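Protein chains in written order, with the UniProt record's numbering: chain A, 1 to 148; chain B, 1 to 152.
Structure, rendered in structure tokens:
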């Protein structure tokens, strides 16, 4: 397990790839984001996307998958209070190979909960052409290996 | 059809009722966020949360569904460049019913693309007790009613 102590400011890893098929994109969007351009090629034809593209929240979920499962060991995560500055920069299309570059931007111990620390991650999601499709800054509550 | 001009600052809209089930939490978490307290009801009992909780991105995705149903399918929506901040304030448990409270905070026409405007909204996701579980500051792009090419 990767604990708070194992993450150092400046550490950066590239996780992935992962992808979603057209069927998976349509299934996600049917449930959570049923706008025409996320449901079919025809619905996207005269839009910014051109052809079927993933819901931005699906791209965020795929990136979360990489953050949680893309390392050699699981993260001893206790959840997250939130994230900031999420930007959807480019469309994500079916079977795009997504990777996540996760950089430790900051870390500090929790004053109220000595069993954990807060780690700030800068995250960039890229496609197979190395184009950044999404970026955000997230905070994770990480368990300490040896609490005081 | 709602255009950029139709959003009034300070107007509050409340909408939606989405029941979160244990099956949906486990399905979403297994695919995208497989922490023990999201996928395993037994392990969740021993977690700080005391029971199975929804992944934060499931709460955001449910928020999106409520926003699409209430607003976006009947608006001249041009998408969203992103979300300024998301705060997960309280756990969302299986059986909770979520709704949304929406308020437009600011709006401006895009200088680079005057046919559309940006609106900054604050969204609170509430549970069935009226408690905010998630606070979202987001940006939406909408076509202007008087822009060239817009339907009358």
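Glycine included, each C-beta is placed from N, C-alpha and C at the ideal position.
A quick note: this is a predicted structure, and the numbers were derived from the prediction, not measured.
- Cα atoms of residue 25 of chain A and residue 61 of chain B: separation of roughly 13 Å, rounded to the nearest angstrom.
- With a 10 Å radius around the Cβ and a threshold of 16 neighbouring Cβ atoms, residue 1 of chain B comes out exposed.
- Interface residue (Cβ-Cβ distance to chain B less than 7 Å): residue 5 of chain A is not classified as such.
- Separation of the CB atoms of residue 102 of chain B and residue 12 of chain B is rounded to 7 Å, and the pair is thereby assigned contact status at 8 Å.
- Residues 73, 74 and 76 of the same chain have their beta carbon placed closer than 7 Å to that of residue 1 of chain A, with the five preceding and five following residues left out of the count.
- Sorting B:98, B:26, B:42 and B:118 by C-alpha distance to the C-alpha of residue 139 of chain B places B:118 at the top.
- Within chain A, no C-beta atom comes nearer than 7 Å to that of residue 125 of chain B; the closest sits roughly 12 Å away.
- Under the rule that a run must span 4 or more residues, the alpha helix (DSSP H) segments found entirely inside the UniProt domain "MaoC-like" (17–111) of chain B read 22–32, 36–39, 41–45 and 56–70.
- For residue 34 of chain A, the C-beta contacts it makes with chain B under 9 Å involve 65, 68, 69 and 73, in order along the chain.
- Here residue 124 of chain B is buried, its C-beta having at least 16 other C-beta atoms within 10 Å.
- If you draw a straight line from the Cα of residue 68 of chain A to the Cα of residue 147 of chain B, it comes to about 45 Å.
- The C-alpha of residue 44 of chain B is placed about 6 Å away from the C-alpha of residue 50 of chain B.
- For residue 86 of chain B and residue 45 of chain A, the gap between their C-alpha atoms comes out near 31 Å.
- The shortest C-alpha to C-alpha distance from residue 123 of chain A to any of A:38, A:23, A:88 and A:129 is the one to A:88.
- The DSSP-derived three-state label of residue 143 of chain A is strand.
- Taking 7 Å as the cut-off between beta carbons, the residues of the segment 86–118 of chain A near chain B are 86, 87 and 88, in sequence order.
- Nearest to residue 22 of chain A by C-alpha distance, out of A:83, A:64 and A:59, is A:59.
- According to the DSSP assignment, residue 100 of chain A belongs to the beta strand (DSSP E) that extends over 98–109.
- Residue 53 of chain B counts as buried, since at least 16 other C-beta atoms from the protein chains shown sit within 10 angstroms of its C-beta.
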